[in-house]
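J.:
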Amino acid sequence: MELRKYLLCLEFILLKELCECFNIDVKNPRIFTGPEDALFGFSVLQHESDGEKSMLVGAPWDGPPNNRKGDVYKCLDMSPCELVSLSISGETALQNVSKNLRNSHLGMTLTPDSPDGFLACAPLWSQECGTSMFSTGICASVSDDLEPRKTIAPTAQRCSTYMDIVIVLDGSNSIWPWYEVQNFLSNILSKFHISPDQMQVGILQYGEVAVHEWSLKDYQTTQDVVEAAKNISRQEGRETRTAYAIHMACTEAFSAERGARQGATKVMIVVTDGESHDGEELEDALTECNNRNITRYAIAVLGHYIRRQQDPETFINEIKFIASDPDDKYFFNVTNEAALNDIVDALGDRIFTLEGTLGYNESSFHMEMSQIGFSTHTLDDGILFGMVGAYDWDGGVLKEGINGRIMPSREAFKSEFPLELKNHAAYLGYTVSSVVVGDWWRLYVAGAPRFKHKGKVILFELSEDGNVNIVQALNGEQIGSYYGSEVCGLDIDQDGITDVLLVAAPMFLGSGNKEAGKVYIYSLSGEEKFVSNGTLKSEDKTQDARFGYALTAAPDLNHDGFTDLLVGAPLEDEHRGAIYVYHGDGIHIIHNYKQRIPGSSISPSLQYFGRSVSARLDLDGDDLIDLAVGAHGSAVLLSSRSIVQINVSLSFQPHSINVIQKTCQRGGRESACLNATACFKTVSHLWVSAMLDDRKLSARALFDDSSHRQTQLAVRVHTGQTLCYKLPFHVYDTADYIRPISFSLRFKINNTESGPVLDEGWPTTVKKSVSGTALTFFKDCGEDDVCTTDLVLQAHMDISGTSFSLCFLHRQKPYVIRSPRRRLAVEVQLQNRLENAYNTSLTLHYSRNLHFSSLSIRVQNLGCYSVSNLELRLHLPSVAAGDRVFMTVTDVFSYNVSSAAT
Numbered sequence: 001m002e003l004r005k006y007l008l009c010l011e012f013i014l015l016k017e018l019c020e021c022f023n024i025d026v027k028n029p030r031i032f033t034g035p036e037d038a039l040f041g042f043s044v045l046q047h048e049s050d051g052e053k054s055m056l057v058g059a060p061w062d063g064p065p066n067n068r069k070g071d072v073y074k075c076l077d078m079s080p081c082e083l084v085s086l087s088i089s090g091e092t093a094l095q096n097v098s099k100n101l102r103n104s105h106l107g108m109t110l111t112p113d114s115p116d117g118f119l120a121c122a123p124l125w126s127q128e129c130g131t132s133m134f135s136t137g138i139c140a141s142v143s144d145d146l147e148p149r150k151t152i153a154p155t156a157q158r159c160s161t162y163m164d165i166v167i168v169l170d171g172s173n174s175i176w177p178w179y180e181v182q183n184f185l186s187n188i189l190s191k192f193h194i195s196p197d198q199m200q201v202g203i204l205q206y207g208e209v210a211v212h213e214w215s216l217k218d219y220q221t222t223q224d225v226v227e228a229a230k231n232i233s234r235q236e237g238r239e240t241r242t243a244y245a246i247h248m249a250c251t252e253a254f255s256a257e258r259g260a261r262q263g264a265t266k267v268m269i270v271v272t273d274g275e276s277h278d279g280e281e282l283e284d285a286l287t288e289c290n291n292r293n294i295t296r297y298a299i300a301v302l303g304h305y306i307r308r309q310q311d312p313e314t315f316i317n318e319i320k321f322i323a324s325d326p327d328d329k330y331f332f333n334v335t336n337e338a339a340l341n342d343i344v345d346a347l348g349d350r351i352f353t354l355e356g357t358l359g360y361n362e363s364s365f366h367m368e369m370s371q372i373g374f375s376t377h378t379l380d381d382g383i384l385f386g387m388v389g390a391y392d393w394d395g396g397v398l399k400e401g402i403n404g405r406i407m408p409s410r411e412a413f414k415s416e417f418p419l420e421l422k423n424h425a426a427y428l429g430y431t432v433s434s435v436v437v438g439d440w441w442r443l444y445v446a447g448a449p450r451f452k453h454k455g456k457v458i459l460f461e462l463s464e465d466g467n468v469n470i471v472q473a474l475n476g477e478q479i480g481s482y483y484g485s486e487v488c489g490l491d492i493d494q495d496g497i498t499d500v501l502l503v504a505a506p507m508f509l510g511s512g513n514k515e516a517g518k519v520y521i522y523s524l525s526g527e528e529k530f531v532s533n534g535t536l537k538s539e540d541k542t543q544d545a546r547f548g549y550a551l552t553a554a555p556d557l558n559h560d561g562f563t564d565l566l567v568g569a570p571l572e573d574e575h576r577g578a579i580y581v582y583h584g585d586g587i588h589i590i591h592n593y594k595q596r597i598p599g600s601s602i603s604p605s606l607q608y609f610g611r612s613v614s615a616r617l618d619l620d621g622d623d624l625i626d627l628a629v630g631a632h633g634s635a636v637l638l639s640s641r642s643i644v645q646i647n648v649s650l651s652f653q654p655h656s657i658n659v660i661q662k663t664c665q666r667g668g669r670e671s672a673c674l675n676a677t678a679c680f681k682t683v684s685h686l687w688v689s690a691m692l693d694d695r696k697l698s699a700r701a702l703f704d705d706s707s708h709r710q711t712q713l714a715v716r717v718h719t720g721q722t723l724c725y726k727l728p729f730h731v732y733d734t735a736d737y738i739r740p741i742s743f744s745l746r747f748k749i750n751n752t753e754s755g756p757v758l759d760e761g762w763p764t765t766v767k768k769s770v771s772g773t774a775l776t777f778f779k780d781c782g783e784d785d786v787c788t789t790d791l792v793l794q795a796h797m798d799i800s801g802t803s804f805s806l807c808f809l810h811r812q813k814p815y816v817i818r819s820p821r822r823r824l825a826v827e828v829q830l831q832n833r834l835e836n837a838y839n840t841s842l843t844l845h846y847s848r849n850l851h852f853s854s855l856s857i858r859v860q861n862l863g864c865y866s867v868s869n870l871e872l873r874l875h876l877p878s879v880a881a882g883d884r885v886f887m888t889v890t891d892v893f894s895y896n897v898s899s900a901a902t
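At position 873 of the sequence shown the residue is numbered 873 (full-length UniProt numbering), and the sequence of numbers has no breaks.
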């Protein structure tokens with residue numbers, strides 16, 4: 001029995017190995033490393049360009065500490081990863097939006113972009129507007145040769161501080177002291193946000209003539225403008241030709257030649273201390289300004305009038321006339337030149353608020369923190385973006401398509417996201433995707449993991465005019481679980497219709513209040529709705545896991561024609577991380593994972609393994625889908641292994657075993673020779689280790705280690721090829737036809753660390769026995785193969801007058817056995833007078849006052865015997881023609897004999 005236990009254990013280990021470590025090769029990973037402080041591995045994407053396949057790795061914190069522009073690395077073969085430098089080459093492509101990529105964190109999201117190329121997004125890219133930072137996000141469409149093609153920034157808007165400001169400064173003799181004017185210029189200019197994306201300032205000084213001190217385009221920073229203002233000297237002049245200067249500013253200073261920008265708000269600041277000498281021309285000059293949409297702030301400096309004790313009323317009225325309406329917003333007056341500094345703050349606040357909201361309409365305010373690129377999904381006709389920060393962090397979606405841009409309003413989602421909850425920050429658009437149901441009906445999917453703190457996922461239609469029809473809503477069950485932070489639709493049978501929708505809740509609290517995570521499964525019903533169909537969970541561990549942090553579909557990992565699933569759990573195993581492989585079957589996902597790949601099995605140094613996953617391409621040239629997995633400072637490429645089906649057949653020569661007439665010798669002993677032929681056929685290259693087990697029976701024991709022989713052979717089988725191996729076996733002195741001689745062939749793949757793996761569920765054992773159709777015993781009973789026997793039985797005891805003949809008892813008279821006689825012997829002779837007899841049984845009954853002692857048999861083909869229920873049963877597998885079987889049975893008498901023994 002010990003051998004049988006060993007065989008069962010071996011089979012169990014083999015099956016367990018197939019289940020725990022299927023066809024993703026974890027023994028030969030390719031690990032690419034990058035700077036940890038750049039968050040190398042935050043995102044991964046498999047990419048192909050001109051036949052060259054590589055892995056792209058996002059490093060969104062790449063760059064010096066004060067300027068984390070972010071970037072993307074290209075990893076190929078075992079060479080060090082190469083920095084693509086999108087943040088540098090992308091400067092040109094991004095100029096139509098912003099020249100400032102400072103702290104943009106490019107590479108947080110990498111998404112395939114049809115028909116070729118990919119999107120690299122920087123959802124934290126922010127516009128500096130005044131004292132505020134607006135994180136509208138930005139994406140770069142990159143060609144397959146890694147060159148930025150265009151910028152996609154649908155929610156990016158020009159700052160309210162996108163202004164061209166011209167200061168028309170009176171420099172006539174009456175302005176005094178001049179250094180106070182210089183201080184005013186320095187102070188007011190220091191409040192301006194000078195940059196190509198915000199403000200530009202030019203200064204025109206006038207008296208009798210007007211001079212451009214500098215043009216709008218001359219200085220690009222606030223510091224440069226302030227320094228330039230300190231060096232302005234007074235023009236002087238006996239006249240104050242204000243109308244002339246205003247007209248010159250409108251027509252020349254705001255011209256494109258001097259740097260005026262299309263779309264910029266035009267602002268003029270007029271500073272003067274006296275009535276104009278060309279007042280009759282003032283109305284025409286102001287009309288010209290109005291035609292050019294120039295807003296005018298006018299400042300009356302009363303110092304000259306006060307020093308001469310003159311009435312400034314006419315002067316004030318003229319300055320109010322110059323100022324835009326209303327006067328209380330655009331007109332200022334100060335008592336002298338020194339007092340100009342007292343209105344710096346008020347003037348600055350009126351030009352732009354500290355929040356930088358001048359010029360913003362209501363909808364633009366809603367998009368200021370939209371973070372485009374936080375989630376993206378490629379469609380056949382465009383790209384679906386999630387706007388997680390839009391509408392006061394309620395979130396939203398936006399479609400950038402071939403037919404234009406579709407941006408639904410906040411009210412479009414009010415049926416599932418009530419407006420009274422607008423300040424609850426649902427984060428709609430945290431993840432986006434799409435599914436196809438019914439008659440090729442596409443629905444968009446968006447997750448809102450913070451809605452009512454439990455999370456929600458909506459499936460909706462989106463019309464060209466921005467109308468939304470919410471078809472179905474799925475709700476989370478646990479507060480803080482972040483239900484809806486990831487979604488993934490699976491077309492498992494690959495017929496174009498989505499079969500399963502998966503929704504992740506990576507912060508779902510499991511046992512011990514740990515963030516174990518959970519993934520909800522929703523199957524498509526006949527009513528084109530997704531209905532709950534169980535969940536996927538990580539292993540029951542004590543630490544956090546964040547199971548479901550990353551989800552992605554894999555086209556077909558196990559070659560069964562069904563789409564598979566990868567789930568990342570980056571905090572599992574003390575933050576080492578793990579990924580889980582689930583197989584599809586029919587139109588369902590199998591709930592038990594097929595393979596769990598912990599980061600520690602790849603490398604003990606890996607952290608957050610599974611934070612990002614990608615499974616799209618064959619990167620090593622074996623026509624099998626490979627896995628790209630992101631970690632902290634690392635990216636891992638795991639190869640798939642081919643799956644084989646091994647067809648094995650057994651045949652025997654000769655087809656029958658003659659154990660009566662020995663045909664050969666082995667080790668000086670006569671035996672029956674037998675050749676077993678094992679044939680192997682497979683569909684792929686593999687190495688096979690096979691074990692053949694032939695059982696030879698002994699006359700003394702049923703199971704004996706020495707009666708079993710294992711033969712090992714190595715088989716190399718190529719695709720479509722059948723190879724056969726002949727193995728000789730010997731059967732010694734056996735005629736047991738009750739328990740047939742069995743042959744067991746078990747096979748497994750030799751190299752379990754690389755190369756192919758056996759198909760799951762495929763049998764690994766082939767068994768044949770003598771009683772089967774492939775092999776029989778030779779009975780030697782003539783041409784009719786029917787054995788006719790003539791068994792004759794003779795027996796007697798060592799008591800005079802007692803004998804047996806042909807199982808009939810002839811007793812002359814009763815015998816009483818008394819002490820001191822203690823033993824009784826029975827001798828039996830069995831003779832076969834005709835053809836071979838098989839499976840013969842001989843039974844001896846005895847009374848209760850006898851106890852079986854021993855059995856002695858003079859024959860070699862005894863099968864077995866048993867003693868029970870006051871009888872001795874002897875089994876003889878075969879009794880050949882002419883054979884005689886002799887046996888002696890010894891009984892022990894009872895101490896208290898009161899009756900005769902029979």
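For each residue, glycine too, the CB sits at the ideal point set by N, CA and C.
In this text, all values refer to a predicted model and were calculated from it rather than measured experimentally.
Rounded to whole angstroms, how far is the Cβ of Ala550 from the Cβ of Gly599, which I believe are closer than 8 Å?
T.: That pair is no contact at about 13 Å.
J.: Using the beta-carbon count (16 or more within 10 Å), is Val867 buried or exposed?
T.: Per the 10 Å Cβ criterion, exposed.
J.: Is Val786 buried or exposed, if buried means 16 or more other CB atoms sit within 10 Å of its CB?
T.: Label assigned to Val786: exposed.
J.: Sort Ser603, Leu76, Pro35, Glu52 by Cα distance to Ala59 and report the nearest one.
T.: Nearest C-alpha to Ala59: Pro35.
J.: Check the C-beta distance from Thr888 over to Arg823 and give it rounded, since I have them as a contact under 8 Å.
T.: That belief does not hold up - the Cβ atoms of Thr888 and Arg823 are roughly 11 Å apart, past 8 Å.
J.: Using CA coordinates, which residue listed in Lys150, Pro154, Glu147, Val142 is at the minimum distance from Thr136?
T.: Nearest C-alpha to Thr136: Pro154.
J.: Since Lys399 is in the beta strand (DSSP E), which residue starts that stretch and which ends it?
T.: Element bounds for Lys399: 396-401.
J.: Are the CB atoms of Arg149 and Ser160 nearer to each other than 8 Å?
T.: Contact: no.
J.: Which first and last residues belong to the beta strand (DSSP E) in which Asn423 is found?
T.: Per DSSP, Asn423 belongs to no beta strand (DSSP E) and is neither H nor E.
J.: Can you list, in chain order, the stretches of the beta strand (DSSP E) that have 3 or more residues and sit fully within the region 197-258?
T.: As far as the region 197-258 is concerned, its whole beta strand (DSSP E) runs of at least 3 residues are 199-206, 210-214.
J.: What is the rounded straight-line gap between the Cα of Phe886 and the Cα of Val826?
T.: Between Phe886 and Val826, the C-alpha separation is close to 11 Å.
J.: In whole angstroms, what separates the C-alpha of Val892 from that of Tyr846?
T.: Distance between the alpha carbons of Val892 and Tyr846: 11 Å.
J.: Could you say if the region 289-297 and the region 253-273 meet the contact criterion of at least three C-beta pairs nearer than 8 Å?
T.: Segments in contact, yes.
J.: Taking the alpha-carbon positions, what's the Lys230 to Glu236 distance?
T.: Lys230 and Glu236: Cα-Cα distance of roughly 17 Å.
J.: Give the range of the beta strand (DSSP E) segment to which residue 910 is assigned.
T.: As shown, the chain starts at 1 and ends at 902. That puts residue 910 outside it, with no answer to give.
J.: Going by the DSSP bridge assignment, what does Thr722 pair with across the sheet?
T.: DSSP, once it has assigned bridges, lists Lys681 as partnering Thr722.
J.: Considering only the alpha carbon of each residue, which of Lys662, Ala339, Thr552 lies closest to Val44?
T.: Per the Cα distances, Thr552.
J.: Answer with buried or exposed for Thr221, where buried requires no fewer than 16 other C-beta atoms within 10 angstroms of its C-beta.
T.: Flag for Thr221 reads exposed.
J.: Where Glu275 and Thr240 are concerned, what is the direct C-alpha to C-alpha distance, given to the nearest angstrom?
T.: Between Glu275 and Thr240, the C-alpha separation is close to 7 Å.
J.: Thinking just about the alpha-carbon of each residue, which of Gln472, Leu146, Leu189, Ser639 is nearest to the one in Asp623?
T.: Among Gln472, Leu146, Leu189, Ser639, the Cα nearest to that of Asp623 belongs to Ser639.
J.: Within the chosen definition, does the region 415-433 reach the region 400-407 through at least 3 CB pairs nearer than 8 Å?
T.: These segments do not touch.
J.: CB-CB under 7 Å to Ser363, same chain, minus the five flanking residues each way: which ones, in chain order?
T.: Per-residue confidence for Ser363 stands at a pLDDT of 42, beneath the threshold of 50, marking its modelled position as unreliable; the derived number appears in the next sentence. Nothing meets the Cβ criterion.
J.: Determine the closest residue to Asp394 out of Phe413, Asp544, Asp380, with distance taken between C-alpha atoms.
T.: The option with the nearest alpha carbon to Asp394 is Phe413.
J.: Count the CB pairs spanning the region 495-503 and the region 583-590 that are closer than 8 Å, and state whether there are at least three.
T.: Segments in contact, yes.
J.: Mapping the DSSP letters down to three states, classify Gly389 as helix, strand or coil.
T.: In this structure, Gly389 counts as coil in the three-state DSSP scheme.
J.: According to DSSP, simplified to helix, strand and coil, what is residue 905?
T.: Given a span of 1 to 902 for the chain in the structure shown, any question on residue 905 remains unanswerable.
J.: Does the Cβ of Val792 have 16 or more other Cβ atoms within 10 Å, making it buried, or fewer, making it exposed?
T.: Under this definition Val792 is an exposed residue.
J.: Do you know offhand how far Asp113's Cα is from His212's?
T.: The straight-line gap from Cα to Cα measures roughly 50 Å.
J.: What's the C-alpha gap between Ser481 and Ala228?
T.: For Ser481 and Ala228, the distance between alpha carbons rounds to 57 Å.
J.: According to the neighbour-count rule (16 or more other Cβ atoms, all chains shown, within 10 Å of its Cβ), is His591 buried or exposed?
T.: By the 10 Å Cβ count, His591 comes out exposed.
J.: Keeping to the same chain, check which residues put their C-beta closer than 7 Å to that of Arg442; ignore five residues upstream and five downstream.
T.: Within the same chain, Arg442 has close Cβ partners Ser434, Val436.
J.: Let me know the secondary structure DSSP gives Arg307 once reduced to three states.
T.: In the structure shown, Arg307 sits in a helix (DSSP, three-state: H, G or I).
J.: If you draw a straight line from the alpha carbon of Pro177 to that of Asn336, how long is it in whole angstroms?
T.: If I take the Cα positions, the gap works out to 9 Å.
J.: Counting C-beta neighbours from all protein chains within 10 Å, is the total for Asn23 16 or more, i.e. buried, or is it exposed?
T.: By the neighbour-count rule (16 or more Cβ atoms within 10 Å), Asn23 is buried.
J.: Residues in the same chain with beta-carbon distance under 6 Å from Glu2, minus the five sequence neighbours each way, listed in chain order, please.
T.: Per-residue confidence for Glu2 stands at a pLDDT of 28, beneath the threshold of 50, marking its modelled position as unreliable; no derived number is given.
J.: Just curious, the alpha helix (DSSP H) that Asn183 is in, first and last residue?
T.: Element bounds for Asn183: 178-190.
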